[in-house]
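Engineer:
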């Protein structure tokens, strides 16, 4: 599972002066994946601006090319000529998704109803992650699945000759499972229904409607959502402007909050209510985050954020907030390390099956860098030091093990910017999967981060 030691690129961050600047973070990863998948499927031309060009998203583009779409870049715009709904071609070789769980799971849904064979592979980290949550509903549609034990990659799918629509209740909050079923439903006759007891990010529903899918969403009094999709409709190419990724925004945002004197403006950030859990939590902790020029773009809510260094106080984060900030808990834990009092985060079981066991990785990294914390099965408690005294590497050779996880690497590099002692992570090369500009953007606002 581990990466060869020779290919690791350690990085170190140290106490920084005030962080200042006016920056635009890369495009949202969730929306970028979906734009390439639907652009590659829809008839006609799709133009995408603001696409994040990390390795994860590029793998999704390569998969769509392998199934018949043509994709090229012209200036800053990606231009896709799609195959038309129902017209994907059988790929000649396995689709390699590298480290990308999102791209892999959504593409599994997209190809599953086709009467051909598709094999999905990935790197060591992705190959260790379970795919059962996505594969179970596809099996109900009649898809034949061959996989390693525990439904792990490589996975081979063989679509049925006559796929049947299903009504599927998602057993746990997961936008990826919901999206995979909806994408599968695009090439299944009749109505595919997904019921989610807890609402999750709705980028798939918004974008499907934009591309012309016949889709309706019904919200019950208890908040449960029922999504119905009419299969085998026509999808038309669209113009998509991808807003800034909230998960990438989280790193400079938290850095500005914990480094004294900082004043940072973040442009064109996605403010979809299903993705703003971190901002809400930080505001509850006392963060000075000003939301400027809220607006709509391409079916999504967008705004600029002005963030200033703040005195934070610990809070209890309820479990029902997890779906709106699942990728942001590692960097929230860093913010909590500099807050007064205790921060308790509940409902974190999904972190156990991310790129790494993210909950264990965060807890061990915090302890290694002097933060008082307690890890439970599905919760984390952090007791902070507002002045950063004693934080950072408690032993000269203390190195955070990132376990091929980009968010662990970035979170702990942010920590070192406000700690008394520097923080070292064992690898920064993995950051390129989601935020290739991270090092350059952070250096541009005054962060002391060096790759070794």
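Residue numbers (the numbering used here): 12 to 463. Just so you know, even glycine gets a beta-carbon here, dropped at the ideal spot from N, CA and C.
Helix, strand or coil for residue 381, going by three-state DSSP, please let me know.
Structural biologist: Reduced to three states, the DSSP call for residue 381 is coil.
Engineer: Does the contact criterion of 3 or more C-beta pairs under 8 Å hold for the stretch 394-401 versus the stretch 332-350?
Structural biologist: Yes, the stretch 394-401 is in contact with the stretch 332-350.
Engineer: Determine the burial state of residue 67: buried for a count of at least 16 other Cβ atoms within 10 Å of its Cβ, exposed for fewer.
Structural biologist: Label assigned to residue 67: buried.
Engineer: Using alpha carbons as the reference points, say which of 385, 198, 364 and 256 lies closest to residue 277.
Structural biologist: For the residues 385, 198, 364 and 256, the minimum Cα distance to residue 277 belongs to 256.
Engineer: Starting from residue 418, follow the alpha helix (DSSP H) in both directions and report where the run begins and ends.
Structural biologist: Residue 418 -> alpha helix (DSSP H) spans 417-427.
Engineer: What residues are listed by DSSP as bridge partners for residue 76?
Structural biologist: Answer is none; residue 76 lacks a bridge partner.
Engineer: Answer with buried or exposed for residue 161, where buried requires no fewer than 16 other C-beta atoms within 10 angstroms of its C-beta.
Structural biologist: It is exposed - the Cβ of residue 161 has fewer than 16 other Cβ atoms within 10 Å.
Engineer: In angstroms with no decimal places, state the Cα-to-Cα distance between residue 48 and residue 342.
Structural biologist: Cα to Cα, residue 48 sits roughly 29 Å from residue 342.
Engineer: When you compare the CB positions of residue 240 and residue 196, do they come within less than 8 Å of one another, or not?
Structural biologist: In contact: residue 240 and residue 196 (Cβ atoms closer than 8 Å).
Engineer: Do residue 318 and residue 464 have their beta-carbon atoms positioned less than 8 Å apart in this structure?
Structural biologist: Summary: the structure shown does not reach residue 464, with the chain confined to residues 12 through 463, and so no result is reported for it.
Engineer: To the nearest angstrom, how far is it from the Cα of residue 153 to the Cα of residue 127?
Structural biologist: Those two C-alpha atoms are separated by around 13 Å.
Engineer: Alpha carbon to alpha carbon, what distance is there between residue 83 and residue 156?
Structural biologist: Distance between the alpha carbons of residue 156 and residue 83: 32 Å.
Engineer: Given a cut-off of 8 Å on the beta-carbon distance, is the pair residue 379 and residue 411 in contact?
Structural biologist: Yes, Cβ-Cβ distance for residue 379 and residue 411 is below 8 Å.
Engineer: Which residue or residues does DSSP assign as beta-bridge partners of residue 88?
Structural biologist: Note: residue 88 sits in a beta bridge opposite 85.
Engineer: Counting Cβ pairs, one atom from each stretch, are 3 or more of them under 8 Å apart for the stretch 320-340 and the stretch 284-298?
Structural biologist: Cβ pair count under 8 Å is three or more, so yes.
Engineer: Would you call residue 65 buried or exposed, if buried means 16 or more other Cβ atoms sit within 10 Å of its Cβ?
Structural biologist: Buried, since its Cβ has 16 or more Cβ neighbours within 10 Å.
Engineer: Quick one: Cα of residue 138 to Cα of residue 166, how far?
Structural biologist: Residue 138 and residue 166: Cα-Cα distance of roughly 9 Å.
Engineer: Comparing alpha-carbon positions, which option in 24, 20, 356 and 18 lies nearest residue 461?
Structural biologist: Residue 24 is the option with its Cα nearest to residue 461.
Engineer: State the start and end residues of the unbroken beta strand (DSSP E) segment that holds residue 165.
Structural biologist: Residue 165 -> beta strand (DSSP E) spans 163-169.
Engineer: Helix, strand or coil for residue 278 per DSSP?
Structural biologist: Residue state, collapsed to three classes: strand.
Engineer: In terms of residues, what are the limits of the alpha helix (DSSP H) holding residue 290?
Structural biologist: Unbroken alpha helix (DSSP H) run through residue 290: 288-295.
Engineer: By the three-class DSSP mapping on this structure, what secondary structure does residue 330 have?
Structural biologist: In this structure, residue 330 counts as helix in the three-state DSSP scheme.
Engineer: Counting Cβ pairs, one atom from each stretch, are 3 or more of them under 8 Å apart for the stretch 25-38 and the stretch 199-217?
Structural biologist: The answer is no - the stretch 199-217 does not touch the stretch 25-38, with fewer than three Cβ pairs under 8 Å.
Engineer: Heavy atom of the ligand FAD less than 7 Å from the Cβ of residue 46, yes or no?
Structural biologist: As far as ligands go, the structure on display features none, and thus does not contain the ligand FAD.
Engineer: So the candidates are 85, 62, 91 and 86; which of them puts its Cα closest to the Cα of residue 76?
Structural biologist: The option with the nearest alpha carbon to residue 76 is 91.
Engineer: Run through DSSP, which three-state label would residue 119 get?
Structural biologist: Correct three-state label for residue 119: helix.
Engineer: Check for me: the beta strand (DSSP E) holding residue 238 runs from which residue to which?
Structural biologist: Start and end: 236-241.
Engineer: Note down the Cα distance separating residue 282 from residue 442, rounded to an integer number of angstroms.
Structural biologist: The straight-line gap from Cα to Cα measures roughly 23 Å.
Engineer: Which residues in the same chain have their Cβ closer than 7 Å to the Cβ of residue 425, if we skip the five residues on either side of it in sequence?
Structural biologist: Closer than 7 Å at Cβ, skipping near neighbours: 262, 265, 266, 342 and 345.
Engineer: Alpha carbon to alpha carbon, what distance is there between residue 242 and residue 19?
Structural biologist: Going from the Cα of residue 19 to the Cα of residue 242 covers about 46 Å.
Engineer: How many angstroms separate the CA atom of residue 466 from the CA atom of residue 177?
Structural biologist: Outside the displayed range of the chain (12 to 463) lies residue 466, so it cannot be described from this structure.
Engineer: To the nearest angstrom, how far is it from the Cα of residue 231 to the Cα of residue 274?
Structural biologist: Distance between the alpha carbons of residue 231 and residue 274: 42 Å.
Engineer: To the nearest angstrom, how far is the alpha carbon of residue 121 from that of residue 432?
Structural biologist: Going from the Cα of residue 121 to the Cα of residue 432 covers about 48 Å.
Engineer: Indicate the three-state DSSP secondary structure (helix, strand or coil) for residue 17 in the structure shown.
Structural biologist: Summary for residue 17: the model assigns pLDDT 48, below 50, so the residue's position carries little reliability; its value from the coordinates is reported in the next sentence. Correct three-state label for residue 17: helix.
Engineer: Assign residue 8 to one of three DSSP states: helix, strand, or coil.
Structural biologist: Any question about residue 8 goes unanswered here, given that the chain covers just 12 to 463.
Engineer: Tell me where the alpha helix (DSSP H) around residue 407 begins and ends.
Structural biologist: Careful: residue 407 lies outside any alpha helix (DSSP H) and carries neither H nor E.
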